[in-house]
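Engineer: First, the structure itself, so that you have it in front of you.
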């Protein structure tokens with residue numbers, strides 16, 4: 001890298017003037033309304049250490065800092081190390097701005113932009129470690145020997161692509177010139193120095209530029225944007241092709257007059273350059289930015305159609321411009337607009353735009369027709385609304401920060417929150433672009449589960465977020481890991497559970513390597529969340545680690561979240577209730593200490609209500625669930641979390657009609673947010689069937705659900721078998737024995753193709769058990785039932801309920817094969833357990849199951865010549881069926897016949 005040219009001061013600043021020309025490009029212009037309170041940088045001696053880097057030699061200095069050649073011992077490479085310092089007094093607001101601009105370096109990942117390896121703190125400023133380019137600046141390259149117009153145009157088009165990539169990421173260079181781009185020995189051009197100003201973007205701020213290449217709006221102190229870089233690029237290209245600057249002037253004042261009055265020189269006739277190239281350059285030099293090209297890409301297309309026809313793929317565009325903090329890029333400044341908060345739209349439009357919409361629509365068109373017809377329009381609408389909400393929330397947060405309404409801590413949290421949300425959108429776009437039928441099924445969940453951007457502008461919401469790191473290098477790497485965590489979440493919501501777990505394990509390793517405990521706690525939390533959705537008992541080890549790491553880091557918010565999830569996991573573990581209640585005591589004590597953030601309160605209260613439900617204590621659980629529902633609805637309306645809380649309340653409701661109402665509301669929310677065939681919607685549909693007052697209604701509910709699974713999820717044998725199992729049970733209760741027999745045999749045929757797995761052994765045993773009653777395969781069915789019964793002995797009431805159901809099925813088999821004593825024992829055990837549970841746990845479904853068990857026991861007692869006991873059980877069953885107001889009238893003749 002060559003030494004930067006001398007500095008020019010704006011007219012009236014008292015600075016010296018330097019004549020611009022092709023052999024001596026002028027240096028940056030710097031306004032003087034911000035005083036320098038820091039001393040000029042002093043070159044460091046070789047051997048001095050900056051972070052982990054060792055200074056090798058001095059390369060050059062500019063108004064903003066010094067560039068060194070340095071050695072990176074960790075990766076054994078030579079780097080260029082630029083040491084920068086903020087202009088003016090580095091107060092907390094300036095530090096936030098400096099931090100944000102350090103994050104901006106990761107927004108540009110492009111072959112024609114110098115790669116940045118690391119950003120870190122150094123004294124009152126920052127350092128940027130970037131790739132060491134062996135080569136020369138374009139200025140030196142042009143001066144070395146005569147170049148043909150095609151050689152020059154080729155080099156500048158490469159530089160233009162680098163600028164276009166920066167614009168795509170919402171950045172503006174503000175000081176492009178031949179000495180701010182290098183052509184390497186490999187022939188590749190890299191753009192350098194993206195306007196390294198760190199002062200707040202407001203009136204009176206510094207504006208960096210070079211008069212020889214500055215557009216009129218920059219001279220006049222007006223807002224600058226991508227069109228301003230276009231002007232500087234065209235001025236540089238004009239100079240390179242024609243050997244003179246496009247505007248006459250021997251000093252900054254003369255240049256200001258000629259540039260702002262549009263006195264562009266006519267290109268010399270003796271230089272042979274295609275007219276289309278000259279015309280494109282002159283258009284880029286027009287006074288009004290609106291009269292220039294609409295974008296850098298359009299300018300490049302006009303300069304050379306052949307070189308710019310190729311377009312980035314959707315994947316490249318999303319990954320290059322959307323995932324914040326992941327790529328290499330030079331530290332850039334946001335567009336110097338009159339409105340410093342106007343860059344949000346450009347940031348989100350790089351991710352969600354007509355190209356990404358078209359690509360996802362194309363992917364859905366390749367799926368069964370229902371996906372394109374039913375799911376895609378909903379997904380597109382949700383993502384459109386989310387993107388608009390992100391832009392609106394970003395502006396509101398930015399304006400609040402400009403008014404100093406956010407503390408430094410909340411400002412940093414807000415910035416990280418928006419970046420994380422945008423990274424989640426980027427991941428969603430990539431996953432949906434590759435959608436197969438399974439991803440298509442989860443597409444609505446992916447879209448509706450994106451982080452709420454409104455939380456990023458809410459002080460109350462930001463309280464629940466991880467504390468910001470004051471170390472810029474750590475912050476950059478932390479945001480990279482956090483973006484990966486969002487990728488894990490998107491994969492999980494897209495139904496790619498195995499891929500999500502593999503990604504989560506990778507993220508844990510990355511967080512370990514980072515050595516940042518808050519990030520590691522977040523990584524363990526996410527890994528625990530993945531297991532808690534499938535098998536809560538497997539989640540506890542990860543949640544333990546998350547709890548301990550967060551506790552050691554002083555991250556009370558993450559401690560609360562880990563405890564809230566762990567108490568849920570423990571409540572589902574054998575003999576885990578006492579430990580779960582211990583967690584509840586701790587987490588409820590911690591909530592006031594962290595300010596009772598609503599999102600964490602809602603999570604804790606929902607899981608507390610679920611815990612009491614599991615313990616059979618509806619009286620204490622219901623208030624928790626009502627408060628969780630209130631908080632969740634206040635925060636975001638009717639979303640999936642609201643539906644889950646409604647489902648828990650339904651299980652506690654004493655009035656059966658109220659229970660059905662709550663479950664119906666939950667089902668409607670889930671199907672609106674997730675789709676009819678989504679696993680969570682199907683689970684609530686199954687619950688709605690179980691709660692239906694009329695078994696015929698339950699049959700209709702389950703028939704619709706099973707048909708949807710056949711249509712959308714034909715390969716999901718487990719889900720289809722479960723649906724058919726419940727459909728068969730309701731058909732039996734409705735007296736439709738033929739339908740019941742048909743569907744339970746279909747269910748068994750499906751699970752025959754599945755491996756024996758612990759989480760599903762109970763369901764599989766019941767499927768095989770009732771199917772065996774249909775086709776007479778009693779011995780095989782009994783073997784499955786008895787093995788499962790042995791594994792289920794003991795535990796909480798909901799586990800004992802499973803024991804009762806298995807005993808009921810065993811009793812029916814033994815009765816069928818003539819083992820009356822065995823049947824009597826099994827059925828008596830079943831009825832006794834159901835009675836115990838009914839006395840302790842509030843369950844609207846249980847009485848119906850108990851009545852069916854009593855009928856079976858009455859038959860066994862009658863066959864065992866105990867008519868008195870049989871009459872007792874028969875009377876108890878008949879009493880319940882008569883109270884059901886006609887839905888089970890078909891059973892009355894059979895009961896009357898048995899009484900005789």
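In the UniProt record's numbering, the protein residues as written are 1 to 900.
Using N, Cα and C, we set each Cβ at its ideal position, and we do this for glycine too.
1) Is residue 95 helix, strand or coil by DSSP?
2) Is the segment 749-756 touching the segment 712-728, taking contact as three or more C-beta pairs under 8 Å?
3) Quick check for students: name the residue ranges of the alpha helix (DSSP H) that lie wholly in the segment 813-882, counting only runs of 4 or more.
4) Can you tell me which of the three DSSP states residue 214 falls into?
5) Inspect the beta-carbon positions of residue 141 and residue 134 and report whether they are closer than 9 Å.
6) Are the segment 501-508 and the segment 150-161 in contact at 8 Å, needing three or more beta carbon pairs?
7) State the start and end residues of the unbroken beta strand (DSSP E) segment that holds residue 189.
8) Of the choices 464, 424, 493, 533, whose alpha-carbon is the least far from that of residue 483?
9) Could you tell me the alpha carbon to alpha carbon distance between residue 443 and residue 364, rounded to whole angstroms?
10) State the DSSP-derived secondary structure class of residue 676, mapped to helix, strand or coil.
11) Let me make sure I understand the geometry here. Which of 459, 271, 127 has the alpha-carbon closest to that of residue 83?
12) Which value, in whole angstroms, describes the spacing of the CA atoms of residue 212 and residue 70?
13) Grouping DSSP H, G and I as helix and E and B as strand, with all else coil, what is residue 59?
14) Which stretch, first to last residue, makes up the beta strand (DSSP E) that contains residue 117?
15) Can you list, in chain order, the residues of its chain whose CB lies under 6 Å from that of residue 890, leaving out five sequence neighbours each side?
16) Is DSSP giving residue 280 helix, strand or coil here?
17) For residue 849, I'd like the list of residues in its chain whose CB is within less than 7 Å of its CB, leaving aside the five on either flank, ordered along the chain.
18) The ligand GDP and residue 142: does any heavy atom of the ligand fall closer than 8 Å to the residue's C-beta?
19) Straight-line CA distance for residue 646 to residue 666?
20) For residue 494, which residues in the same chain have their Cβ closer than 6 Å to its Cβ, ignoring the five residues on either side in sequence?
21) Okay, do the segment 520-540 and the segment 558-577 touch, 3+ Cβ pairs below 8 Å being the bar?
22) With three or more C-beta pairs closer than 8 Å as the rule, is the segment 349-367 touching the segment 411-421?
23) Between which two residues does the beta strand (DSSP E) holding residue 82 run?
24) With H, G and I counted as helix, E and B as strand and the rest as coil, what does DSSP make of residue 209?
25) Please determine, among 804, 747, 819, the residue with the shortest C-alpha to C-alpha distance to residue 901.
26) Could you spell out where the alpha helix (DSSP H) holding residue 364 opens and where it closes?
27) State the start and end residues of the unbroken beta strand (DSSP E) segment that holds residue 137.
28) Whole alpha helix (DSSP H) runs in the segment 221-249 with 4 or more residues, listed along the chain?
29) Got a sec? Which residues, its chain only, sit under 8 Å from residue 451 by beta carbon, not counting five neighbours each side?
30) Tell me which residue opens and which closes the beta strand (DSSP E) that residue 752 is part of.
31) Okay, do the segment 160-167 and the segment 291-306 touch, 3+ Cβ pairs below 8 Å being the bar?
32) For residue 1, count neighbouring Cβ atoms within 10 angstroms of its own Cβ and tell me buried if that reaches 16, exposed if not.
33) Under DSSP, the beta strand (DSSP E) around residue 396 begins and ends at which residues?
34) My output table needs one value for residue 125: the three-state DSSP class, helix, strand or coil.
35) Suppose the cutoff is 6 Å on Cβ atoms and the five residues either side in sequence are ignored; what does the same chain contact list for residue 387 look like?
36) What is the residue span of the beta strand (DSSP E) that residue 181 lies within?
Structural biologist: Here's the rundown:
1) Taking the first residue of the chain shown as position 1, residue 95 is located at position 95. The predicted model places residue 95 with a pLDDT of 46, which falls under 50 and marks its position as unreliable, so this point remains unresolved.
2) Yes: at least three Cβ pairs fall under 8 Å.
3) Runs of the alpha helix (DSSP H) inside the segment 813-882: 820-840, 846-863.
4) The count along the chain shown starts at 1 and reaches residue 214 at position 214. Per DSSP, reduced to three states, the secondary structure at residue 214 is coil, with no helix or strand assignment.
5) Working through the chain shown from its first residue, we reach residue 141 at position 141. Working through the chain shown from its first residue, we reach residue 134 at position 134. Annotated as distal: residue 141 and residue 134, with beta-carbon spacing of 9 Å or more.
6) Flag = no, the segment 501-508 and the segment 150-161 do not touch.
7) Against the chain shown, residue 189 aligns to sequence position 189. Its beta strand (DSSP E) spans residues 189-191.
8) On the chain shown, position 483 is the one that residue 483 refers to. Nearest option by C-alpha distance: 424.
9) Start at 1 with the first residue of the chain shown, and residue 443 comes out as number 443. Start at 1 with the first residue of the chain shown, and residue 364 comes out as number 364. Each residue's CA atom was taken as its position, placing residue 443 and residue 364 some 10 Å apart.
10) Mapped onto the chain shown, residue 676 falls at position 676. Looking at residue 676 - three-state DSSP - the assignment turns out to be coil, as it is neither helix nor strand.
11) Within the chain shown, residue 83 is the residue found at index 83, counting from 1. Nearest option by C-alpha distance: 127.
12) Working through the chain shown from its first residue, we reach residue 212 at position 212. Working through the chain shown from its first residue, we reach residue 70 at position 70. Roughly 32 Å between the two C-alpha positions.
13) Start at 1 with the first residue of the chain shown, and residue 59 comes out as number 59. Strand at residue 59.
14) Residue mapping note: residue 117 aligns to position 117 of the chain shown, counting from 1. Start and end: 116-122.
15) Looking up residue 890 in the chain shown gives position 890. Excluding residues within five positions, the ones whose Cβ falls inside 6 Å are 735.
16) Numbered from its first residue, the chain shown carries residue 280 at position 280. In the structure shown, residue 280 sits in a helix (DSSP, three-state: H, G or I).
17) On the chain shown, residue 849 is found 849 positions in, with the first residue counted as 1. Around residue 849: 834.
18) Annotation note on the ligand GDP: not contained in the displayed structure, which lists no ligands.
19) Residue mapping note: residue 646 aligns to position 646 of the chain shown, counting from 1. Residue mapping note: residue 666 aligns to position 666 of the chain shown, counting from 1. Rounded to the nearest angstrom, the two C-alpha atoms are 6 Å apart.
20) Indexing the chain shown from 1 puts residue 494 at position 494. Apart from the 5 residues on each side of it in sequence, residue 494 sits with its Cβ closer than 6 Å to the Cβ of 431, 439, 442, 446 in its chain, given in chain order.
21) These segments touch.
22) Under the 8 Å Cβ criterion, the segment 411-421 does not count as touching the segment 349-367, having fewer than three qualifying pairs.
23) For the purposes of this step, residue 82 is taken as residue 82 along the chain shown, with counting starting at 1. Run containing residue 82: 77-84, per the beta strand (DSSP E) assignment.
24) Here residue 209 refers to the residue found at position 209 of the chain shown. In this structure, DSSP gives residue 209 an extended state, which the three-state scheme calls strand.
25) In this structure the chain extends from 1 to 900, so residue 901 is not present and cannot be described.
26) Translated into the one-based positions of the chain shown, residue 364 becomes position 364. For residue 364, the enclosing alpha helix (DSSP H) has its first and last residue at 354-365.
27) Within the chain shown, numbered from 1, the residue matching residue 137 stands at position 137. In the DSSP annotation of this structure, the continuous segment of the beta strand (DSSP E) that includes residue 137 starts and ends at 135-137.
28) The segment 221-249 is shown to contain whole alpha helix (DSSP H) runs of 4 or more residues at 226-242, in chain order.
29) Translated into the one-based positions of the chain shown, residue 451 becomes position 451. For residue 451, where only same-chain residues beyond five positions count, the Cβ hits under 8 Å are 417, 420, 421, 424, 486.
30) Taking the first residue of the chain shown as 1, we reach residue 752 at position 752. It is not in any beta strand (DSSP E) - residue 752 carries neither H nor E in the DSSP assignment.
31) With three or more CB-CB distances shorter than 8 Å, the segment 160-167 counts as touching the segment 291-306.
32) Working through the chain shown from its first residue, we reach residue 1 at position 1. Confidence in residue 1 is poor, its pLDDT being 39 and thus under 50, which makes the residue's placement unreliable; the coordinate value appears in the next sentence. Burial call: buried.
33) Your numbering for residue 396 matches position 396 in the chain shown. Unbroken run through residue 396 is the alpha helix (DSSP H), 376-402; no beta strand (DSSP E).
34) Taking the chain shown and counting its residues from 1, one reaches residue 125 at position 125. For residue 125, the three-state secondary structure derived from DSSP is strand.
35) As a first step, residue 387 is located in the chain shown; it is residue number 387 there, counting from the start. Result list for residue 387: 348, 352, in chain order.
36) Looking up residue 181 in the chain shown gives position 181. Boundaries of the beta strand (DSSP E) harbouring residue 181: 181-184, taken from the DSSP string.
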